[in-house]
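Everything below concerns the one structure shown next.
Number of protein chains: 2
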Amino acid sequence: MKKLKRSGRLVEMTQYLLKRPHSLIPLTTFADRYHSAKSSISEDLAIIKEVFQDEGLGELQTMAGAAGGVRYIPRAPKEQSLGFIQEICRELEQPDRILPGGYMFMSDLLGRPATVSEIGKVFASVFSERQADVVMTVETKGIPLAYATGVYLNLPVVIVRRDHSATEGSAVSINYVSGSTKRMSTMSLGRRSLKEGARVLIIDDFMRAGGTIQGMMDLLAEFQAEVAGVGVFLESSDTDEHLVDDYVSLAQITGIDARSKQATVIPGNYFTNTEGR
Amino acid sequence: MKKLKRSGRLVEMTQYLLKRPHSLIPLTTFADRYHSAKSSISEDLAIIKEVFQDEGLGELQTMAGAAGGVRYIPRAPKEQSLGFIQEICRELEQPDRILPGGYMFMSDLLGRPATVSEIGKVFASVFSERQADVVMTVETKGIPLAYATGVYLNLPVVIVRRDHSATEGSAVSINYVSGSTKRMSTMSLGRRSLKEGARVLIIDDFMRAGGTIQGMMDLLAEFQAEVAGVGVFLESSDTDEHLVDDYVSLAQITGIDARSKQATVIPGNYFTNTEGR
Chain F
6 MKKLKRSGRL VEMTQYLLKR PHSLIPLTTF ADRYHSAKSS ISEDLAIIKE VFQDEGLGEL
66 QTMAGAAGGV RYIPRAPKEQ SLGFIQEICR ELEQPDRILP GGYMFMSDLL GRPATVSEIG
126 KVFASVFSER QADVVMTVET KGIPLAYATG VYLNLPVVIV RRDHSATEGS AVSINYVSGS
186 TKRMSTMSLG RRSLKEGARV LIIDDFMRAG GTIQGMMDLL AEFQAEVAGV GVFLESSDTD
246 EHLVDDYVSL AQITGIDARS KQATVIPGNY FTNTEGR
Chain D
6 MKKLKRSGRL VEMTQYLLKR PHSLIPLTTF ADRYHSAKSS ISEDLAIIKE VFQDEGLGEL
66 QTMAGAAGGV RYIPRAPKEQ SLGFIQEICR ELEQPDRILP GGYMFMSDLL GRPATVSEIG
126 KVFASVFSER QADVVMTVET KGIPLAYATG VYLNLPVVIV RRDHSATEGS AVSINYVSGS
186 TKRMSTMSLG RRSLKEGARV LIIDDFMRAG GTIQGMMDLL AEFQAEVAGV GVFLESSDTD
246 EHLVDDYVSL AQITGIDARS KQATVIPGNY FTNTEGR
């Protein structure tokens, strides 16, 4: 790469860091890349750090010493996330989203890349200290969210299938009961998808009683893997049965009336819990 | 936002532009945002433009005049994409990837956010001029690719389901025959997911004879929607039957032997077609 002046370096380093969250980048990488002195690189990083912090993009951690370097930790400030989620709540309250059975139509919302990316960033902020090795979800609507979270945490994503697909090789299947419908279903995960002892962050789009999440936890047990955290985008509180206790939700349906097409959606427990999970 | 010096502006504008591909941003937006003169903003943009170009990040289109502004078009240079795809081909040729039935295990690869993002960028480069309104895929493994493509094209993603899910509302279903297995299957898409006349970019992870892609095309016809392009990550040429002609592939299996566990994977037609689709 050609020698760059400070102005060019700042542009290049910004994109380089944004593309590599949670990765330790030695200062020598930048120094070699731009044919610049480490002292200049340090000054560049100080400028980037300040802007990232002021803009709520996240933290630039700099580590001194021979093994040192810089690491970009995406982190959305909670107040900023709250504003974003409140807007989504208002969108979810639109009457035409209510479907038979108390379901809520949100495929449009979960199909917008900017929205999905922002949700992923919030999850990545919530779980950034959980030392997860992998993000897991079950098909279908949770996949974009899990993927977006994986992008910001720099973690691979594994997808649990509702059937056993021929393209996964040998797989482990479990039966689970969806808490709200009481229907027995099957989910499976390819044997090669998860290493023994892996710490797994479970992400899903929707949770009512938690049967599907519980199913994923049971599946993890089969792999001798651990739960590093559970994040659901939207939870519904229209059931008394709760199979899962320890989870973080970003939004919550507190009331839904299929007849009058009225729903109340409020920010989830991430914003109301004061204990700071 | 506080007033920023050039160095701070360059960092901020870089992240702002990267986050908003294919969006026209008026210069006044930046001028107001940083309390800076438009002439300074133009100089900043010239610096960013040069780095983006040199680094193969894409093009910064600047439009003069009252309705003018700047637009970031992500575009991966073809030689750079070829190097990336060649590495993936070598990875796919690993013997332990070959599954019964001539399938290839690639969930690990399609679970790595950086890889998926790069594939999405290649697709976005291929189809950037196709004026698509939406990216469409069918569950499951194509979803991360469609989403990553949507990120770089700034387009919403719609997911065709293999069953009819209660959370989509009313849906249109079609039957299709998978060309290779000759099995009849169903796919469906929620009525609200696609507007009449929409131009749709179809993205999928794998294509053999093209039955699934053809199914999606048939579904589009039901919505009076148009095909803006078809992109498949990996095609297999172990069949003589071809239901779909006009598509772009990034990689291609030219030979697979389940017994000896040998596969040959080469770059797809995007790299071999000289006509420059």
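Chain order of the listed sequences is F and D.
Our numbering numbers the first residue of the first sequence as 6 and each following residue consecutively.
Our numbering numbers the first residue of the second sequence as 6 and each following residue consecutively.
Ideal Cβ positions, reconstructed from N, Cα and C, are used throughout, including at glycine.
- What Val56 (chain F) touches in chain D, judged by beta-carbon distance under 7 Å, is Gly13, Val16, Glu17, going in chain order.
- Not a single C-beta of chain D is nearer than 7 Å to the C-beta of Gln257 (chain F).
- Remark: C-beta atoms of Val182 (chain F) and Gly234 (chain F) do not approach each other more closely than 7 Å.
- Taking 7 Å as the cut-off between beta carbons, the residues of the stretch 164 to 179 of chain D near chain F are Ile164, Arg166, Ala171, Thr172, Glu173, Gly174, in sequence order.
- Per the DSSP secondary-structure output, Tyr108 (chain F) pairs in a beta bridge with F:Leu104.
- Annotation: Pro118 (chain F) to Lys126 (chain F) spans about 12 Å, alpha carbon to alpha carbon.
- Between Val165 (chain F) and Ile208 (chain F), the CB-CB gap reaches or exceeds 7 Å.
- At least 7 Å separates the CB of Phe89 (chain D) from every CB of chain F.
- The continuous stretches of alpha helix (DSSP H) do not include Asp113 (chain F), and DSSP gives it neither H nor E.
- By the Cβ-count criterion, Ser41 (chain F) is buried, with 16 or more other Cβ atoms from all chains shown falling within 10 Å of its own Cβ.
- Contact check between the stretch 44 to 53 of chain F and the stretch 47 to 55 of chain D: fewer than three CB pairs, one atom from each, fall below 8 Å, which does not count as touching.
- Look at Gln20 (chain D): its C-beta is under 7 Å from a C-beta on chain F.
- No residue range can be given for Thr244 (chain F), since it is assigned to no beta strand (DSSP E) and is classified by DSSP as neither H nor E.
- DSSP links Tyr275 (chain F) through a beta bridge to no other residue.
- For the stretch 105 to 118 of chain D, the set of residues with a beta-carbon nearer than 9 Å to any beta-carbon of chain F comprises Pro105, Gly106, Tyr108, Met109, Phe110, Met111, Ser112, Asp113, Leu115, Gly116, Arg117, Pro118, in chain order.
- By the CB criterion at 7 Å, Ile271 (chain F) and Val249 (chain F) fall outside the cutoff.
- By a beta-carbon distance limit of 8 Å, Tyr77 (chain D) contacts Pro26 (chain D). Their separation comes to about 5 Å.
- The C-alpha of Gln20 (chain F) is placed about 12 Å away from the C-alpha of Phe57 (chain F).
- According to DSSP, residue pairing for Gln66 (chain F) in a beta bridge involves F:Arg76.
- Inclusion of Ala256 (chain D) and Gly236 (chain D) in the CB contact set at 7 Å is not warranted, their separation being larger than that value.
- A direct Cα-to-Cα measurement between Leu32 (chain F) and Leu224 (chain D) gives close to 52 Å.
- When C-alpha distances from Ala81 (chain D) are compared across D:Phe128, D:Asp243, D:Glu240, the shortest belongs to D:Phe128.
- Per DSSP, the beta bridge partners of Ile164 (chain F) are F:Thr142.
- Membership of Ala129 (chain F) in the alpha helix (DSSP H) is indicated by the continuous run 118 to 131.
- Neighbours of Ile148 (chain F) in chain D, taken as residues at a C-beta separation under 9 Å, are given in chain order as Glu144, Thr145, Ile148, Pro149, Tyr152, Ile164.
- Here Glu17 (chain F) is buried: its Cβ has 16 or more other Cβ atoms, across all protein chains shown, within 10 Å.
- Of the residues D:Asp243, D:Asn278, D:Val253, the one whose Cα lies closest to the Cα of Ala263 (chain D) is D:Asp243.
- Around the beta-carbon of Arg95 (chain F), fewer than 16 other beta-carbon atoms lie within 10 Å, marking it exposed.
- Beta bridge pairing from DSSP links Ser193 (chain F) with F:Arg166, F:Ser178.
- Cβ contact annotation for Ile261 (chain F) (same chain, cutoff 8 Å, sequence separation greater than five): Ile103, Gly107, Met109, Ser241, Asp243, Gln267, Ala268, Thr269, in chain order.
- Excluding five sequence positions before and after Gly74 (chain D), the CB atoms of its chain that fall closer than 7 Å to its own CB belong to Leu29, Ile30, Pro31, Leu32, Met68, given in chain order.
- Residue burial is scored here from C-beta neighbours: Lys146 (chain F) has at least 16 other C-beta atoms within 10 angstroms and is therefore classed as buried.
- Following the DSSP letters along the chain, one finds Arg204 (chain F) in no alpha helix (DSSP H) but inside the beta strand (DSSP E) bounded by residues 204 to 212.
- Within chain D, Asp113, Gly116, Arg117, Pro118 have C-beta atoms less than 9 Å from the C-beta of Pro161 (chain F), given in sequence order.
- Here DSSP, grouped into helix, strand and coil, assigns Ala268 (chain F) to strand.
- Distance from the CA of Glu92 (chain D) to the CA of Asp251 (chain D), rounded to the nearest whole angstrom, comes to 25 Å.
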